[in-house]
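K.L.:
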Amino acid sequence: MIDPKLLRQSAADVAANLARRGFEFDADAYLELEERRKALQVETEQLQSERNASAKHIGKAKARGEDIEPLLAAVKDLGDRLEAGEKALQELQGQLRDIELGLPNLMSEDVPTGDSEDDNTEVRKWGEPPQLDFAARDHIELGESLGQLDFDAASKISGARFVVMKGQLARLQRALIQFMLDTHTSEHGYTETYVPYLVKPPALIGTGQLPKFEEDQFRTTDEPPFYLIPTAEVPVTNLASDVIFDADALPVRYVAHTPCFRSEAGSHGQDTRGMIRQHQFEKVELVQFVAPDASMDALEELTGHAEVVLQKLELPYRVVILCSGDIGFGSTKTYDIEVWLPGQNRYREISSCSNYNDFQARRMKARRRNPETGKPELIHTLNGSGVAAGRALIAVMENYQQEDGSIRVPAVLQAYMGGLEVIDASG
RNA sequence: GGAGAGAUGGCUGAGUGGUCGAAAGCGCUCCCCUGCUAAGGGAGUAAGGGUUAAAAGCCCUUCGAGGGUUCGAAUCCCUCUCUCUCCGCCA
1 MIDPKLLRQS
11 AADVAANLAR
21 RGFEFDADAY
31 LELEERRKAL
41 QVETEQLQSE
51 RNASAKHIGK
61 AKARGEDIEP
71 LLAAVKDLGD
81 RLEAGEKALQ
91 ELQGQLRDIE
101 LGLPNLMSED
111 VPTGDSEDDN
121 TEVRKWGEPP
131 QLDFAARDHI
141 ELGESLGQLD
151 FDAASKISGA
161 RFVVMKGQLA
171 RLQRALIQFM
181 LDTHTSEHGY
191 TETYVPYLVK
201 PPALIGTGQL
211 PKFEEDQFRT
221 TDEPPFYLIP
231 TAEVPVTNLA
241 SDVIFDADAL
251 PVRYVAHTPC
261 FRSEAGSHGQ
271 DTRGMIRQHQ
281 FEKVELVQFV
291 APDASMDALE
301 ELTGHAEVVL
311 QKLELPYRVV
321 ILCSGDIGFG
331 STKTYDIEVW
341 LPGQNRYREI
351 SSCSNYNDFQ
361 ARRMKARRRN
371 PETGKPELIH
381 TLNGSGVAAG
391 RALIAVMENY
401 QQEDGSIRVP
411 AVLQAYMGGL
421 EVIDASG
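If you count by my numbering, then the first sequence holds residues 1 to 427, one letter each, in order.
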C-alpha cells in the first residue's frame, strides 16, 4: 500500500510514477472521495465529541442525585445523526481503502521504463554457456529417456502442469534444496523456518496477492477460506505482521523451503511442456526485514546470496533489472536472475529478488521502534528466490548433460547424493 | 468430534456499566543519590487516525473481530476467529 498521506498530498506525482507501469490511477476521482471523507470525518468526530461530553455530564449529574431527564432529552436526536454519519464515513473509508489496496507500489527511480520483459536491462553476467560437442537436449527429453521424469503419469493423476519424478532425479531436487538451505543458513546468516502451506486471506492481503490476484491462487475451502501458498514469501513475510521489532532486532533474515502452488491463470499456452511452469513446484525463499534506510543495500546483498547458489553449482547466469512494464505489483525494485538453459538456448528466470520497501509492511503493520524517536515506524521487507528448486533441477540437467544422455552431478551436490557422480538410466 | 476456560498496552497482569486509555509489576528513557561492572529514590513511557505546511495543542478511534443494548460498554447480550485444558480420534 502506498502511504495514504502521500496519495493526498501528491496524487499527481503518484499517478505519474504508476503510469510508467502502465497503471492508470485516477487521481481526481480519488481526491474527490478524499475531500468528502475529510468533511464527513470532521463532522462525525465532532458529533462523537458531543456525545462523549454529554454522557460524562449525565454520569456526573446522576452521581449527584440530580434529575437527568432534561439532559437525556437534550441528546435525544444525537444518536441518530451520529449513526448516520458513522455509517457514511465507514463506507467512504472502505471505498478509499479498496482503491488503495488496488494500487501497485511506487517504483524506485532507477527502474528503467519499458513495456515487457524484452525491455529488462542486463546488469551483469556470470559464467559461460557450456560448449557441447553434441546437440543439447532439453530437460524433458533427458528426464524421460532416463525414465526419471514422467509427465504422462502426472497428467493421468492431476492433469497438465505437473510432474512425477523418480530415482536419482527426485533425489537431485532434494539435494538441491538441502544444499541451498545449508548455504543460506551457514554462510549468509539466514534462520531456517518451517511454515504453513495453507494461509488465510489476511496473510495474502499482507503480502499483496489479495484482493487483486485472487484468480492466481488456489483456494481450497470456502469456510474457512484457506489458500495454498503461491510462495513461501506469504507465510514467512507475515511473521512480521503486527509486530513491533526492537530497534536492535533488525535485520531479520529467514529462509524457507516450501512447495509453491500457482493456478497460472492467464499463462495459457506459455511453457506448457516440461517443468518450467507448473502448478506445484519447490522453492527455497529468502526473506528479510530491515530498517527503512537499509533496504536498497539489502536488495543487493540478497540478490548476491541467490547468485552464490548458482556460482557454487557452476551454472551460468545473468542478472537483469526488471523494467517498469515487467516489475511485480508490490515491488519498488526487482532483480531477476536468469540461468542459462542449453535446451532452450537462452536464459530463463530462476530467481526474482525484490525490495518492497514499506508496501507490504503497511498492509500488515510490520514496524520497528525507531531508536532515535522511540516511535514505531514501518519496516521494509524484501524477498527473493534462493533459488527455485524445480528450475535449478532443469538447469543442472541441461548444463551437466553428456552425450549419452547421462547427467553429471555438480561437485557441491555429490555429498548430498551419497557420493554419486553421474545420474544415468540405471536409476 | 465432545466438554470447559480464556483473548486487556513492548511484555506479565488487575479491572463486571460513568470517576478507565485503563492499577501494579517488568522493560525502556531521563534525573537524583551513591563512587563503582551492585543497590536505592524520583519522573516519564500504548497504538492508529483527524485537524495543521509542519509542530504544539485540541479532537476521534482502539481492551481478539463484527453486530446489539444504553445518554454512556474493557465491563451486559449475540455471532465469529484464535489460544489453552480435558476426553475421543489420529500421522
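Cβ coordinates follow ideal geometry from the N, Cα and C atoms, glycine included.
Could you check what DSSP says for residue 319 in three-state terms: helix, strand or coil?
P.N.:
Three-state DSSP puts residue 319 in a strand.
K.L.:
Check whether the segment 180-198 and the segment 302-312 touch, using three or more Cβ-Cβ pairs below 8 Å as the test.
P.N.:
yes
K.L.:
Just the C-alpha distance for residue 195 and residue 54, rounded to the nearest angstrom, thanks.
P.N.:
51 Å
K.L.:
Note down the Cα distance separating residue 248 from residue 356, rounded to an integer number of angstroms.
P.N.:
In this structure, the straight-line span from the alpha carbon of residue 248 to that of residue 356 is close to 21 Å.
K.L.:
Let's test the definition: count the other Cβ atoms within 10 Å of the Cβ of residue 370 and tell me whether it reaches 16, buried, or not, exposed.
P.N.:
exposed
K.L.:
What's the C-alpha gap between residue 24 and residue 18?
P.N.:
7 Å
K.L.:
Cα separation between residue 270 and residue 253?
P.N.:
34 Å
K.L.:
Measure the alpha-carbon distance for residue 351 versus residue 39 and round it to whole angstroms.
P.N.:
Straight-line Cα distance between these residues: approximately 47 Å.
K.L.:
Take the Cβ of residue 295 as the centre, count every other Cβ of all protein chains shown within 10 Å, and call the residue buried at 16 or more, exposed below.
P.N.:
buried
K.L.:
Quick one: give me the first and last residue of the alpha helix (DSSP H) that residue 344 is part of.
P.N.:
Segment: none, residue 344 is in no alpha helix (DSSP H) and carries neither H nor E.
K.L.:
Can you say whether residue 5 is buried or exposed, counting buried as having 16 or more other CB atoms within 10 angstroms of its CB?
P.N.:
exposed
K.L.:
Given that a residue counts as buried once 16 or more other Cβ atoms are within 10 Å of its Cβ, and exposed if not, what is residue 64?
P.N.:
Residue 64 is classed as exposed because its beta carbon has fewer than 16 other beta carbons within 10 Å across all chains shown.
K.L.:
Pair every Cβ in the segment 127-136 with every Cβ in the segment 333-346, then say whether three or more of these pairs are closer than 8 Å.
P.N.:
yes
K.L.:
Alpha helix (DSSP H) containing residue 14: first to last residue?
P.N.:
11-19
K.L.:
Measure the beta-carbon distance from residue 134 to residue 403 and round it to whole angstroms, keeping in mind my assumption that it falls under 8 Å.
P.N.:
5 Å
K.L.:
Compare the Cα-Cα distances from residue 210 to each of 86, 230, 414 and 77 and report the closest residue.
P.N.:
For residue 210, the nearest C-alpha among the options comes from 230.
K.L.:
Hey, quick one: how far does the beta strand (DSSP E) through residue 221 stretch, first residue to last?
P.N.:
218-221
K.L.:
Taking the runs of the alpha helix (DSSP H) that are 4 residues or longer, which of them lie wholly in the segment 80-158?
P.N.:
139-146 and 151-158
K.L.:
What are the start and end residues of the beta strand (DSSP E) that includes residue 264?
P.N.:
Careful: residue 264 lies outside any beta strand (DSSP E) and carries neither H nor E.
K.L.:
For the alpha helix (DSSP H) containing residue 283, name the first residue and the last one.
P.N.:
Unbroken run through residue 283 is the beta strand (DSSP E), 280-290; no alpha helix (DSSP H).
K.L.:
Between 162, 257 and 28, which has its C-alpha nearest residue 283's C-alpha?
P.N.:
257
K.L.:
Please report the residue range of the alpha helix (DSSP H) in which residue 226 lies.
P.N.:
That residue, residue 226, is in no alpha helix (DSSP H); its beta strand (DSSP E) goes 226-228.
K.L.:
Under 7 Å between the Cβ atoms of residue 79 and residue 47?
P.N.:
no
K.L.:
When we look at the beta-carbon of residue 432 and count the other beta-carbons within 10 Å, is it buried (16 or more) or exposed?
P.N.:
Here the chain covers residues 1 to 427 and nothing more, so residue 432 does not appear.
K.L.:
Pull up the DSSP beta-bridge partners for residue 370, would you.
P.N.:
The partner list for residue 370 (beta bridge, DSSP) is empty, contrary to what the question assumes.
K.L.:
Which same chain residues, not among the five before or five after residue 117, have their C-beta less than 6 Å away from its C-beta?
P.N.:
Correct list, in chain order: 326.
K.L.:
Specify the secondary structure class of residue 355 as computed by DSSP and reduced to three states.
P.N.:
strand
K.L.:
So residue 380 is in the beta strand (DSSP E); what residue range does that whole segment cover?
P.N.:
380-388
K.L.:
How would you call residue 395, buried or exposed, if buried means at least 16 neighbouring beta carbons within 10 angstroms?
P.N.:
Here residue 395 is buried. Its C-beta has 16 or more other C-beta atoms within 10 Å.
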